[in-house]
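Student:
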Amino acid sequence: MTENFEQSDERDSTNPLDYLGWNVRMISMKRRKYWKIVRDSPSSTERADAADMVEILSIALGLRRWREAQAVEIAAEEQANAKFAQRRVDFWNRG
Numbered sequence: 048m049t050e051n052f053e054q055s056d057e058r059d060s061t062n063p064l065d066y067l068g069w070n071v072r073m074i075s076m077k078r079r080k081y082w083k084i085v086r087d088s089p090s091s092t093e094r095a096d097a098a099d100m101v102e103i104l105s106i107a108l109g110l111r112r113w114r115e116a117q118a119v120e121i122a123a124e125e126q127a128n129a130k131f132a133q134r135r136v137d138f139w140n141r142g
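For what it's worth, this note's numbering labels the leading residue of the sequence shown as 48, then goes sequentially.
(1) Using the Cα positions of R111 and M100, report the straight-line distance between them to the nearest angstrom.
(2) In this structure, does DSSP put F131 in helix, strand or coil?
(3) Under a three-way DSSP split, which group does D99 fall into?
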């Protein structure tokens, strides 16, 4: 029994698996669940080999670090905006 977790035909450019054309599937065999990364083509199903896995994981790690950096940058910007708004409120409340 195989479940395909790819819900739509649209590709997500931020997902390294979608970007490279891979799908993640969960396979249940004898009460155990295994994850398999495959690339479906019209002719066959290709399994990810070690080199593909290294490429996929390195891209995923790079995206994760980029997203973490973006989150820190957004938090700093929101904090600066909140301080500016508070200074503006304080200025108008003085008068």
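Even for Gly, the Cβ is constructed at its ideal location relative to N, Cα and C.
Tutor: Working from what's here:
(1) 16 angstroms
(2) helix
(3) helix
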